[in-house]
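Have a look at the structure below, then the notes.
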Amino acid sequence: MPRLHEQHGRYPQANSVEDFLRNLAAVRQRIAQACQRVGRDPAGVRLLPVSKTFDEAHLRLAYAAGCRVLGENKVQEAQRKWQAMADLGDLQWSVIGHLQTNKARQVARFAAEFQALDSLRLAEALDRRLQIEGRRLDVFVQVNTSGEASKYGLAPDAVADFLRALPAFSALRVRGLMTLALFSADAARVRPCFVRLRELRERLRQDAPAGIGLEELSMGMSGDFEIAIEEGATVVRVGQAIFGARALPDSHYWPAAGE
Ligand SMILES: *Cc1c(COP(=O)(O)O)cnc(C)c1O
Numbered sequence: 001m002p003r004l005h006e007q008h009g010r011y012p013q014a015n016s017v018e019d020f021l022r023n024l025a026a027v028r029q030r031i032a033q034a035c036q037r038v039g040r041d042p043a044g045v046r047l048l049p050v051s052k053t054f055d056e057a058h059l060r061l062a063y064a065a066g067c068r069v070l071g072e073n074k075v076q077e078a079q080r081k082w083q084a085m086a087d088l089g090d091l092q093w094s095v096i097g098h099l100q101t102n103k104a105r106q107v108a109r110f111a112a113e114f115q116a117l118d119s120l121r122l123a124e125a126l127d128r129r130l131q132i133e134g135r136r137l138d139v140f141v142q143v144n145t146s147g148e149a150s151k152y153g154l155a156p157d158a159v160a161d162f163l164r165a166l167p168a169f170s171a172l173r174v175r176g177l178m179t180l181a182l183f184s185a186d187a188a189r190v191r192p193c194f195v196r197l198r199e200l201r202e203r204l205r206q207d208a209p210a211g212i213g214l215e216e217l218s219m220g221m222s223g224d225f226e227i228a229i230e231e232g233a234t235v236v237r238v239g240q241a242i243f244g245a246r247a248l249p250d251s252h253y254w255p256a257a258g259e
C-alpha cells in the first residue's frame with residue numbers, strides 16, 4: 001500500500017468525462033477490495049466525491065460521469081457553485097467543513113447534507129433557518145478522534161450529551177458521526193482514529209435519543225479510505241483520487257494540517 005497522504009502530485013488531473021469515469025471506477029474498485037478484505041458489502045459504502053478547489057467546468061465533467069452529490073469544505077465556495085450549476089436540477093451539495101454560526105443561513109438554503117456539526121449554537125442557528133426555509137437537512141456530528149487541538153469536532157466524551165440535546169431541532173436529521181483521522185503517513189497511527197469513531201458509535205447507539213440516527217460513519221479520504229472501510233466507514237469523502245491533486249495546501253481547509 002502506498003504511504004498515506006504522500007500521493008499529492010501523483011493523482012492525475014481529470015480533464016474529461018472519460019478521465020472521471022476511469023478515476024471513479026478505480027476508486028470503486030479500491031472500495032470493493034477493502035470491503036472484501038473484511039467481508040462487507042460494497043453497497044454499504046457511499047462514495048462522496050469532494051470537489052473543493054476545482055472549477056465549474058470540472059464539476060460539470062464529474063456530473064456527466066454520474067456524480068449527483070458533491071462535497072465542498074467551504075460554504076462560500078459551495079454556494080457559488082450551487083448558484084452557477086442550478087441548471088443541473090438533480091445535483092446535490094454536501095458541506096463537509098467547519099461552519100461559523102453566521103453562515104448557517106447559506107447552508108440552510110442549498111445544502112442537502114452537512115457533515116461538520118460540532119456545537120449547539122450551530123445546531124440552533126441551522127434549525128432556525130431551516131424552519132424558515134421549510135427545509136430539512138441531513139447532519140453528521142463531527143468528532144475529534146485524533147486529539148489534535150487544532151482539529152474541529154467534539155471531544156469523544158462530549159458527544160453523548162450533545163446528542164441528547166439534538167431532538168429539540170426538528171429540521172435536523174441526525175445520520176451519524178464524521179471524523180478526520182490524524183494527518184499522518186503512518187497507517188498504524190491513522191487506524192486508531194477510525195476505530196475510536198466506530199467504538200464511540202457502538203456505545204452511543206445503545207441509548208441514543210429517539211429520532212437520532214447513528215447508522216452512518218463518515219470517515220476516510222483519498223489517502224486512507226481503505227483503512228476507514230475496514231473499520232466500518234459507511235461514507236468515504238474522496239477528492240483527489242477522483243479530481244486529481246489539489247493545488248492548494250490542505251492547511252487552507254484544515255487548521256494546522258501538515259503542509
Ligand atoms: C478535502 C476533504 C476531503 C477529501 O480529501 P482528499 O484528499 O481530496 O480525498 C475529505 N474530508 C474533508 C473534510 C475535506 O475537507
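Counting from 1, one number per residue, gives the positions in the sequence shown under UniProt numbering. Every residue gets a Cβ at the ideal spot worked out from N, C-alpha and C, and that includes glycine. Note that the structure is a prediction, hence the values are computed from the model and not measured.
Which stretch, first to last residue, makes up the beta strand (DSSP E) that contains residue i?
{"i": "V69", "result": "V69 to E72"}
Which residues does DSSP pair with residue i in a beta bridge?
{"i": "L48", "result": "R237"}
{"i": "S16", "result": "Looking at the DSSP assignment, S16 forms no beta bridge with any residue, so it has no partner."}
Any heavy atom of ligand 1 closer than 7 Å to the beta-carbon of residue i?
{"i": "Q100", "result": "no"}
{"i": "M85", "result": "no"}
{"i": "A39", "result": "As written in the sequence, residue 39 is Gly, which differs from the Ala given in the question. Result no, Cβ not under 7 Å from ligand 1."}
{"i": "G223", "result": "yes"}
{"i": "V75", "result": "no"}
{"i": "Q13", "result": "no"}
{"i": "L182", "result": "no"}
{"i": "R237", "result": "yes"}
{"i": "V50", "result": "yes"}
{"i": "G97", "result": "yes"}
{"i": "A241", "result": "yes"}
Does residue i pass the burial test, meaning 16 or more other C-beta atoms within 10 Å, or should it be called exposed?
{"i": "V174", "result": "buried"}
{"i": "N144", "result": "buried"}
{"i": "G232", "result": "buried"}
{"i": "R246", "result": "buried"}
{"i": "E259", "result": "Because the pLDDT of E259 is 36, which lies under 50, any placement of that residue in the model is unreliable, and the question is left without a value."}
{"i": "E226", "result": "buried"}
{"i": "S218", "result": "buried"}
{"i": "I132", "result": "exposed"}
{"i": "V38", "result": "exposed"}
{"i": "R237", "result": "buried"}
{"i": "M1", "result": "Here M1 scores only 46 on pLDDT, less than 50, and its place in the model is too uncertain to base an answer on."}
{"i": "R205", "result": "exposed"}
{"i": "G223", "result": "buried"}
{"i": "D87", "result": "exposed"}
{"i": "D90", "result": "exposed"}
{"i": "T179", "result": "buried"}
For the alpha helix (DSSP H) holding residue i, just list the boundary residues, first then last.
{"i": "Q92", "result": "From DSSP, Q92 is part of no alpha helix (DSSP H) but of the beta strand (DSSP E) over Q92 to V95."}
{"i": "L61", "result": "E56 to A64"}
{"i": "R246", "result": "Neither: R246 is in no alpha helix (DSSP H) and is coded neither H nor E."}
{"i": "Q100", "result": "Per DSSP, Q100 belongs to no alpha helix (DSSP H) and is neither H nor E."}
{"i": "A84", "result": "V75 to A84"}
Does the beta carbon of residue i sit closer than 8 Å to a beta carbon anywhere in chain D?
{"i": "N144", "result": "Looking at the structure shown, chain D is missing, and only one protein chain is on hand."}
* To do: For the region 180-226, list the beta strand (DSSP E) runs that are entirely contained and at least 3 residues long, ordered along the chain.
  => Uninterrupted beta strand (DSSP E) stretches at least 3 residues long and entirely within the region 180-226 occur at 216-218, given in chain order.
* At what residue ranges does the region 103-187 contain a whole run of the alpha helix (DSSP H), taking only runs of 4 or more? -> Taking only runs of at least 4 residues, the alpha helix (DSSP H) segments lying wholly in the region 103-187 are 104-110, 120-133 and 159-165.
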